[in-house]
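All residue numbers for the sequence shown refer to the working numbering, where the first residue is 6 and numbers rise by one. Report on the structure given below.
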Amino acid sequence: MWNILKKPIEKSSLEAWAKIADDIIKVAILALPVILYNEQYSNVLKTFNIIAVLFIIYGLIAISRAIRRNLLQN
Numbered sequence: 006m007w008n009i010l011k012k013p014i015e016k017s018s019l020e021a022w023a024k025i026a027d028d029i030i031k032v033a034i035l036a037l038p039v040i041l042y043n044e045q046y047s048n049v050l051k052t053f054n055i056i057a058v059l060f061i062i063y064g065l066i067a068i069s070r071a072i073r074r075n076l077l078q079n
């Protein structure tokens, strides 16, 4: 019970993590216009923030796909 990294990982836990990653992706996509149209920061900072969020989105998509691929193999 206390060892959360114990193998095998339950399929329901993996599916929950994939859904959490999908939800974070949706929120990050919805945050892009907020970053873009914010008047408080400079264009350089906006560009950096948008690039950072895009990398986070891409990474989470890869993680979500890897989790789902692992579910299909088991």
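Every residue, glycine too, gets a C-beta built ideally from N, C-alpha and C. For clarity, every value in this text was computed on a predicted model and none was experimentally measured.
Excluding sequence positions up to five away, which residues of its chain have a Cβ less than 7 angstroms from the Cβ of residue i?
i   : result
I29 : L65
I68 : A26
A36 : V58
Report back the beta-carbon spacing between residue i and residue j to the nearest angstrom; my notes put them in contact at under 8 angstroms.
i   : j   : result
A33 : I14 : The pair is not a contact, with the Cβ atoms about 25 angstroms apart (cut-off 8 angstroms).
W22 : I55 : Contact flag wrong, Cβ pair sits at about 26 angstroms.
K16 : L76 : 6 angstroms
K51 : L41 : 6 angstroms
Cβ-heavy atom distance between residue i and the ligand GTP below 7 angstroms?
i   : result
F60 : For the ligand GTP, the structure offers nothing, since it holds no ligand at all.
Would you call residue i buried or exposed, if buried means 16 or more other Cβ atoms sit within 10 Å of its Cβ?
i   : result
A26 : buried
Taking only runs that begin and end inside the stretch 12-74, name each unbroken alpha helix (DSSP H) of 4 or more residues, in chain order.
16-41
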